[in-house]
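Worksheet for the structure shown next.
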Amino acid sequence: MTSSCAKVILLEDPASKGRKLEEMRRNEDIAKACKKVAAVRVEVDKLSEQVSAVETTVSGRTKVADQDFVVIKEMLMVQLLKLDGIEAEGEAKLKLASYRHKMHSEAEHVVSSGNITMQNVGYEHSQ
Amino acid sequence: MAKQNKAIGIDLGTCNSCVAVYQQKRVHIIENEAGSKTTPSMVAFTSAERLIGEAAKNQFMLNPQNTVFDIKRLIGRRFKDDTVQRDLGLWPFRVVRGKKKKPMVEVEFKGFTRKFSAEEISCMILWKLKKTSETFLKAKVRDAVITVPAYFSDAQRQATRDAATIAGLNVLQIMNEPIAAAIAYGLDNKSNSSSQAKFILVFDLGGGTFDISLLSIKKNVFKVVATDGDSHLGGSDFDNNLVDYCSQKFKQKYNGDISRNPRALRRLLTACERAKKCLSSAMETVIELESLSEDKDFRITITRTQFEELNMELFQKCIKSVDKCLAGAKVLRSEVEDVVLVGGSTRIPKLRQMIQRFFRGKELCNAINPDEAVAYGAAVQAAVLIGHRIDLTVMDVTPLSLGIDVEGDLMDVVVPKNTSIPTRKEVLYTTSLDNQAIINISVFQGERAHVEDNYYLGEFTLSGIPAAPRGEVSIAVCFEIDGSGILKVSAEHKNTGVRSEIVVNSEDVGGLSKEEMERALIDAERFEVEDEEIKKITVKRLDFEKYSYKMRERVRQEKLKGLMDMDEIENIEKYVKEAIEWAEGHDDAECEKLDEKMQELKTICNALVWTSCTDSDDSQGSHSDKEESEVES
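If you're matching them up, the sequences are chains A and B in order. Going by full-length UniProt numbering, the first residue of the first sequence is number 1, and it counts up by one from there. Going by full-length UniProt numbering, the first residue of the second sequence is number 1, and it counts up by one from there.
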C-alpha cells in the first residue's frame with residue numbers, strides 16, 4: 001500500500017461499529033428474550049382470566065363450556081410451547097428457567113382447577 | 001407494467017408444498033405470507049371459513065376432524081385400494097366412498113356436512129400456491145410444471161393434472177420429482193456429450209415419505225429405471241424415537257409416567273424436534289423442560305451419537321432400500337454417477353455419511369436446500385418449456401464474507417457469507433482526506449473485525465478523483481460473483497465515471513480447501529483457553545461414547561458369529577454396558593477421568609478388536625483419530 005494512497009472511509013462511523021458490535025449483540029439477545037417472555041406472559045394472563053370466567057359462568061352445567069374450554073386450553077398450550085422455545089445465555093438463562101418452571105406449574109394448576117370433565121379430543125392427534 | 005410471461009414450478013408434497021420461479025437468471029423459491037418457503041399441504045374447514053396452508057396447520061389441534069392433510073395419499077386412488085384402507089385409521093378426518101369408487105373426505109363446513117374429492121382438496125392447495133406466486137411476481141400466473149412421485153400411476157397423474165386445471169393453472173408438464181431434483185443440479189447438461197447412459201440415484205427422505213429413485217440419462221433424456229422406499233417413513237419417526245427415549249429417562253429419574261400426559265408429551269415432542277434439527281450441526285444439545293410433569297423439571301443432554309444410535313435401525317433400513325433398488329435394476333453401486341439428496345431429513349449427518357460410505361465416498365449433491373430442490377428443478381423445467389434459455393451451471397454460496405478495508409483497518413462486509421451466487425452487491429463509500437485523488441481498495445475474505453485477521457484476496461487503486469473536501473465524494477464499490485465463482489470488484493466515481501476493477505481467481509472465492517483451512521484457523525483463534533478445555537473434554541467424551549457404542553455393536557456381531565468364548569463375550573458386554581451408563585451419568589467428567597476410563601475400556605475390548613478388525617473397513621486406531629479431526633473442523 002503506497003503512502004500517498006489514503007484509506008477509504010465508510011459513511012457511518014466505522015471505528016465504534018466494530019468495537020461495540022459484540023456487546024450490542026449480547027444485550028440485544030437478552031432484551032429479545034425478555035420481550036418474548038413478556039409477550040407470552042400477557043397472553044397467559046388473559047387466558048387464565050378466561051378460564052376463571054368460564055368456570056364461574058358454567059357452575060355445574062359443564063356441557064355448554066366444553067368447546068370454549070378446549071379452545072382456551074389449546075391457546076394456553078401454544079403460548080407455553082412458545083415459552084419453551086425461547087433461548088438465552090448465561091445469567092438470563094437461569095432466570096428464564098425459574099420463570100418457566102413457575103409459569104408451567106401455574107398453567108397446570110389453571111387447567112386442572114378448571115375442574116371440567118373434558119375429553120382431550122385434539123391432543124391424541126399430535127403429529 | 002410490462003407483459004410478463006412467467007411459469008412456476010410446484011412441488012406438491014404429502015406434508016409440505018413448495019413453489020419456485022425462474023427469473024433474472026436465478027431460481028427464486030417463493031415465500032408464503034408467513035415468510036416460510038414451504039407451505040403445509042393442509043386445508044381446514046370451519047363454521048365460518050376455509051383455511052389453507054399455515055392457517056390450517058395453526059388451528060389443527062382445535063379442529064382435527066375437519067382439517068385435511070396427506071391428500072396426496074388419496075389422489076387418483078380408489079376407495080378399496082389397500083393403501084387407502086390402511087391409511088384410513090391414521091387420519092382424524094373422515095374418508096368415505098363416493099361416486100365411481102372414489103374416496104371422498106367428509107367434513108363439517110359452514111354448518112353443513114360436505115364431501116370433497118382429493119382433486120378438489122389438491123386444487124385448493126394449488127390455488128393457494130398460485131396466489132402466493134402472483135403476490136410475489138405482481139402478475140397473473142397461468143403456466144406451471146407440477147411434480148409427482150416417480151411411482152405415481154397414470155390415474156394419479158391425471159388426477160393431479162385435473163386438480164391443477166380446476167385451480168386455473170395451465171399444466172405444461174406433470175414431472176417426476178426425482179427428475180426435477182436432478183435437473184436442479186444441472187445433471188441433464190452434465191452428461192450432454194456422452195452417448196452412454198448414466199445412472200443417477202435420488203434419495204428423498206421427507207416429512208412422511210421415503211422415496212428412492214434410480215434414473216438413467218442418455219442424450220438429455222431422463223428415464224426412471226427403478227423405485228423403492230417406504231410410504232410411511234420420515235422425519236417424525238426420528239422425533240418419536242427421541243421422545244420415547246426421553247420419557248424412559250424421565251421414568252427412570254422420577255418414576256413418573258408422562259405417556260398419559262398429553263400436555264407433557266406435546267412439549268416433549270416439540271423439544272425433541274428442535275433437538276433433532278440442532279444435532280445436524282451441533283455435536284450435542286440439551287433438552288430442558290421445566291415443570292414437565294407433576295412440577296418436576298426435566299433436563300437431558302443428547303449427543304449426536306446417542307441420536308444416531310436411537311435411529312440406527314431406521315438409517316439402516318434406508319440404506320437397505322437403496323441396495324434393493326439397485327439390485328432390482330441390476331445396477332452396480334459403482335455405476336451410479338451422481339447421488340442427489342432431497343427432503344429435510346437428509347440433513348442428518350450420519351445418514352449422509354452412511355450414504356456416502358455406501359457409494360464408496362462419492363461426493364453427494366446437497367448444495368441446494370433439500371426442502372426446495374424439487375421445486376427448484378420444476379421451475380427450471382417450466383422456464384425451459386416456455387422458451388427461456390437456461391444457463392444454470394453452479395448453485396453455490398460464498399463460504400466466507402467478502403469485503404474491503406475501511407479506516408481503522410476494519411473489515412467492512414459487502415457480501416455476507418452464505419450468499420448464494422451468482423450475486424451483485426453495491427455499496428457507496430467516500431474519501432477520508434481533503435482533495436484525495438487516489439483511493440486504494442483492498443479486498444478481504446473472512447469473519448473477523450480487523451482486516452489483518454482476514455484472508456487477503458487482492459487490491460487495486462482508483463485514481464483521477466476530482467478534488468473535493470473529505471466525505472463529499474461518492475464512490476460506488478461493486479462486488480460481482482458469477483456462476484462459476486469468479487469475483488469481480490469494481491469502484492466507480494459516480495460523477496465522472498472514472499472506473500477501476502480487479503478480478504479475483506475463482507479458486508480463492510468458491511474453492512474450498514483454502515477457505516476451510518482459513519475458517520478453521522479463525523475459529524480456533526476465537527476460542528479462549530477456557531473454551532479450549534471444554535472442547536477437549538467434549539471431544540474426549542464423544543470419543544469415549546463412540547468407542548463404547550462401537551464395541552457394543554462388535555459384541556453383538558461377535559455373538560452372532562459364535563467364534564469366541566461365550567463367557568468372555570458376556571464379560572466384555574457387561575463392561576461396555578457399564579461404560580455407556582457411566583458416560584450418560586457423567587456429563588461433567590474431567591479429562592483425566594475420561595482418559596482413565598477409555599484406557600480401561602480399551603484394554604478390556606482388545607481381545608475383541610484383534611479378532612474382528614479384519615472384516616472391517618477401518619481399524620480402531622485410525623478411527624478415533626479420524627473422529628477427532630472431524631469434531632475440530
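For glycine and all other residues, C-beta sits at the position ideal for the given N, C-alpha and C.
Residue i, DSSP secondary structure in three states
i, result
"B:Thr160", "helix"
"B:Asp295", "coil"
"A:Val110", "helix"
"B:Glu570", "helix"
"B:Phe359", "coil"
"B:Ile348", "coil"
"B:Thr603", "helix"
"A:Val104", "The question names Val, but residue 104 of chain A in the sequence shown is His. Helix, per DSSP."
"B:Cys15", "coil"
"B:Arg78", "coil"
"B:Ala382", "helix"
"B:Arg94", "strand"
"B:Val576", "helix"
"B:Val498", "coil"
"B:Ile166", "helix"
"B:Lys110", "coil"
"B:Thr38", "coil"
"A:Ile30", "helix"
"B:Gly511", "The predicted position of B:Gly511 is uncertain, since its pLDDT is 38 and thus under 50; a value taken from the coordinates is nonetheless stated next. B:Gly511: coil per DSSP, three-state reduction."
Euclidean distance between Cα positions of residue i and residue j
i, j, result
"A:Tyr99", "A:Asp84", "11 Å"
"B:Ser624", "B:Lys550", "Residue placement at B:Ser624 is flagged as unreliable, the pLDDT there being 39, under the threshold of 50; the coordinate-derived value follows with that caveat. If I take the Cα positions, the gap works out to 11 Å."
"B:Gln381", "B:Gly207", "25 Å"
"A:Ser52", "A:Val42", "16 Å"
"B:Asn220", "B:Gly168", "31 Å"
"B:Ala182", "B:Gly377", "7 Å"
"B:Lys130", "B:Val141", "7 Å"
"B:Val509", "B:Phe444", "Only weak support is given to the placement of B:Val509: the predicted model assigns it a pLDDT of 43, under 50, and the question is left unresolved by the model."
"B:Cys15", "B:Phe69", "7 Å"
"B:Phe136", "B:Thr160", "24 Å"
"B:Asp257", "A:Val70", "24 Å"
"B:His450", "B:Val489", "20 Å"
"B:Glu273", "B:Pro64", "21 Å"
"B:Trp127", "B:Glu447", "43 Å"
"B:Asn369", "A:Gln50", "43 Å"
"B:Met124", "B:Pro40", "12 Å"
Beta strand (DSSP E) segment containing residue i, residue limits
i, result
"B:Tyr455", "Tyr455 to Ser463"
"B:Leu201", "Lys198 to Leu205"
"B:Glu177", "Not the beta strand (DSSP E): B:Glu177 falls in the alpha helix (DSSP H), residues Glu177 to Ala184."
Under 9 Å between C-beta atoms of residue i and residue j
i, j, result
"B:Ala34", "B:Val43", "no"
"B:Ala226", "B:Leu242", "no"
"B:Leu594", "B:Ile537", "yes"
"B:Phe358", "B:Asp323", "yes"
"B:Tyr245", "B:Gln306", "yes"
"B:Glu119", "B:Ile174", "no"
"A:Leu96", "A:Leu76", "no"
"B:Val340", "B:Val539", "no"
"B:Thr431", "B:Arg470", "yes"
"B:Leu205", "B:Cys365", "no"
"B:Met564", "B:Glu558", "yes"
Paired residues, beta bridge with residue i - DSSP
i, result
"B:Asp228", "B:Ile212"
"B:Tyr429", "B:Ile475"
"B:Gly9", "B:Ala20 and B:Val145"
"B:Met411", "B:Asp405"
"B:Asp338", "B:Ile200"
"B:Lys218", "B:Val221"
"B:Met104", "B:Val96 and B:Ser117"
"B:Val171", "B:Ala144"
Near the ligand COA: residue i beta-carbon under 8 Å from a heavy atom
i, result
"B:Leu62", "No copy of the ligand COA occurs in the structure displayed, which carries no ligand at all."
Endpoints, the alpha helix (DSSP H) within which residue i is located
i, result
"B:Met124", "Ala118 to Leu137"
"A:Ala88", "Counting along the chain, A:Ala88 falls outside any alpha helix (DSSP H), and DSSP gives it neither H nor E."
"B:Ser47", "Premise fails: B:Ser47 is in no alpha helix (DSSP H) and is neither H nor E."
"B:Met312", "Arg304 to Ala329"
"B:Lys488", "Looking at the DSSP string, B:Lys488 is not in any alpha helix (DSSP H); the run it does join, the beta strand (DSSP E), is Leu487 to His493."
"B:Ser236", "Gly235 to Tyr254"
"B:Arg274", "Pro262 to Cys278"
Item to check | Short-range partners of chain D found in the region 290–302 of chain B, where Cβ spacing is below 7 Å | outcome: Of the chains in the structure shown, none is chain D; the protein chains are A and B.
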